[in-house]
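To keep things clear, I will list the structure first and then write my remarks on it.
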Amino acid sequence: MDSQKEALQRIITTLANKNEELHNFIETLSHSLAGLQVNTTQVVSDLEEEFDTMFSILDEMKESMTNTIKQEQARKSHELQNQLTQSTNALESAEELLEFANNALDIRDEEEFAKAARQIKDRVTMAPAFRLTMKPKATDNMTHLMVDFSQERQILQNLKFLPVPRAPEIDVQDCLVVDNTVTVSWKMPVEDSKIDHYILEFRKSNHEGLPRVKDEHSWEVVDSIKTTEYSLTGLNFDSKFMNFRVRACNKAAAGEYSDPVTLETRAFNFSFDSTSSHLNLKVDDRSVEWDPQGGKGLESKIKGKENKGSAHLTNLKNMSRSGTPSPKRVSATRSPAVRGGRDRFTGESYTVLGDTSIDYGQHYWEVKALKDGKSYSIGVAFKNLGKFDQLGKTNTSWCIHINNWLQNSFAAKHNNKAKTLEVIVPDRIGIYCDMDGGQLSFYNAENKQLLHTFKTKFSQPVVPAFMVWCGGLTLSTGLQVPSAVKSLQKTENGVGGSNSSINSMPQ
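What follows is the structure in structure tokens.
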């Protein structure tokens with residue numbers, strides 16, 4: 012009976028998976044069918060635009076060449092007309108002289124004849140007909156302005172569609188995910204010299220395996236990539252995976268997308284847990300600030316209220332009208348079961364915890380202090396940290412403490428023991444927690460200088476922990492363990508100076 016149930020359960024699981032695959036495939040087909048009409052219309056529009064551009068260029072060339080021919084015609088006409096006028100005047104003068112010479116032949120008086128002959132000779136010397144160059148200054152042909160479109164005509168007659176580029180291939184083995192940077196590499200199945208550029212699309216996802224047609228995240232686009240590799244930097248890995256696909260483009264068309272790939276982008280993500288914060292802390296998901304007015308009037312309204320029903324809600328509404336707590340804290344306080352009456356930490360334990368525990372693995376996050384901060388602590392603690400406990404003063408918490416009040420101090424604290432750190436307090440501090448290796452390290456987040464290391468074997472899960480008195484902190488999560496930190500962890504043995512460690516016994 013049990014074996015039959017197991018077999019039936021396997022069949023049901025297989026059918027469910029197949030149904031999901033078919034559902035995704037149908038969505039893919041529907042998406043492709045809808046896109047086909049859109050793409051066809053776009054291709055026709057692009058083709059018409061290309062031909063209109065070609066016609067426009069030919070019209071411009073025709074107008075320009077026609078103007079050049081007309082200008083040349085005007086110049087040659089002017090020069091030939093001047094030569095014609097000069098020649099006509101010279102001919103008239105020559106005919107007059109010829110007539111005078113013929114008449115001179117009839118003169119019988121020798122003296123008169125000699126006088127006429129000298130005049131004719133002088134006039135012949137000065138005659139314009141003998142000074143003119145008997146060659147036209149311009150020809151009547153325009154052959155040097157003619158154009159030969161025979162080759163271009165043949166090219167146009169042989170014009171064919173530029174082939175749509177084939178889909179590139181992304182090799183997961185060549186892709187790199189490190190330091191919150193993803194480098195994607197691809198290649199073309201057949202070398203194509205006409206590829207102009209590539210388009211890379213990516214999106215975050217929490218689903219492993221092949222990307223789904225519909226996902227909670229939309230595709231983002233990087234256009235005009237000229238090489239077959241691209242790096243996305245400064246990413247926040249707030250999802251477990253990222254999908255990537257790429258397409259090649261030539262001057263005419265964009266090709267098909269490559270087969271999409273999914274790369275793992277796991278990182279430690281958490282927020283401040285507002286339900287665990289001290290009354291004097293104003294908490295947001297990624298920031299915590301000191302609020303000296305946060306506890307006034309609130310405790311008196313909560314104390315002695317045994318009835319947690321309507322009377323409690325009425326008091327909270329009154330508190331909201333007073334404007335004392337922030338809206339986020341008010342809304343959270345309305346649920347005592349979730350909020351715990353806002354007394355998770357009290358007294359001088361100005362503490363707030365992270366909302367996600369660390370059970371195993373290596374994790375990294377960063378914290379930046381506001382400039383007006385007087386005192387704050389950063390570290391980890393067991394979940395059962397006492398409501399009056401301050402970080403570093405118990406055997407269940409590890410931290411570094413910065414004090415800018417009256418006198419400056421920078422120290423690593425655990426179990427009420429402190430070690431002064433002889434380094435400058437950085438603007439941003441990176442925290443590395445290796446649960447498996449039993450190590451908690453603090454770094455200058457800018458240059459990855461090691462500030463301090465605790466070595467211990469954590470006997471139970473820990474949560475990020477923070478104390479703030481005056482000022483505030485901002486939190487950066489979704490970060491991978493930096494490669495520089497990984498390298499330092501391989502060689503760091505906790506020896507000497509600020510890099511020394513406080514060893515603690517398992518708790």
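Per this note's numbering, residue 12 is the first one in the sequence shown, and the count goes up by one each step.
Each residue gets a CB set at the ideal place from its N, CA and C atoms; glycine is no exception.
Query	Result
Cβ distance (whole Å) where Gly-449 is taken to contact Phe-469 below 8 Å	6 Å
Backbone secondary structure at Asp-445 - three-state DSSP	strand
Nearest residue (CA-CA) to Gly-384, options Asp-400, Trp-416, Asn-395	Trp-416
Euclidean distance between Cα positions of Ser-408 and Arg-214	38 Å
The alpha helix (DSSP H) enclosing Ile-118, as first and last residue numbers	No alpha helix (DSSP H) contains Ile-118, which DSSP labels as neither H nor E.
For Ser-269 and Glu-202, the rounded distance between their alpha carbons	15 Å
Stretch pair the region 85–93 + the region 139–153: three plus CB contacts closer than 8 Å	yes
Alpha carbon of Gln-373 to alpha carbon of Val-492, nearest angstrom	7 Å
Among Leu-290, His-412, Pro-174, nearest to Ala-264 - alpha-carbon criterion	Pro-174
Beta bridge counterpart(s) of Trp-480 as assigned by DSSP	Ser-386
Residue burial classification, Phe-62 (beta-carbon count within 10 angstroms, cutoff 16)	exposed
Nearest-angstrom Cα separation, counted from Trp-230 out to Arg-223	12 Å
Pairwise C-alpha distance: His-412 and Lys-428	12 Å
Cα-Cα separation, Leu-19 to Met-12	11 Å
Under the three-state DSSP convention, the category Val-189 falls into	strand
Environment of His-425 [buried if 16+ CB atoms lie within 10 Å]	buried
Best match in Thr-431, Val-473, Val-363 for proximity to Val-391 [C-alpha to C-alpha]	Val-473
The region 252–259 in contact with the region 269–284 per 3-pair CB rule at 8 Å	yes
Endpoints, the alpha helix (DSSP H) within which Glu-163 is located	161–168
Opening and closing residue of the beta strand (DSSP E) in which Glu-240 lies	240–243
Beta-carbon proximity list for Ala-348, same chain, < 6 Å, skipping 5 on both sides	Because Ala-348 sits at a pLDDT of 34, beneath the cut-off of 50, its placement in the model cannot be relied upon, and the point is left open.
Burial state of Glu-17 (16 or more Cβ within 10 Å)	exposed
Close Cβ partners of His-228 (< 8 Å) along its chain, the five nearest in sequence each way excluded	Arg-214, Lys-215, Ser-216, Ser-250
Coil, strand or helix - Ala-149 by DSSP	coil
Selection from Ser-67, Val-257, Leu-484, Asp-296 that minimises the alpha carbon distance to Met-199	Val-257
Cutoff 8 Å; reference Asp-182; Cβ partners in own chain excluding five residues on either side	Ser-196, Trp-197, Lys-198
Nearest-angstrom Cα separation, counted from Gly-305 out to Asn-414	22 Å
Proximity of Trp-301 and Gly-482 at Cβ, strictly below 8 Å	yes
Glu-433 - partner residues in DSSP beta bridges	Partner(s): none; Glu-433 has no beta bridge.
Reduced DSSP category for Asp-57 - H, G, I as helix; E, B as strand; rest coil	helix
Which residues DSSP lists as bridging Tyr-454, in chain order	Gly-441, Leu-461
Pair within 8 Å by beta-carbon distance, Ser-98 and Ala-138	no
Endpoints, the beta strand (DSSP E) within which Thr-144 is located	It is not in any beta strand (DSSP E) - Thr-144 carries neither H nor E in the DSSP assignment.
Paired residues, beta bridge with Gln-373 - DSSP	Asp-445
Boundaries (first-last residue) of the beta strand (DSSP E) holding Trp-301	298–301
Cutoff 7 Å; reference Pro-437; Cβ partners in own chain excluding five residues on either side	Asn-455, Ala-456, Glu-457
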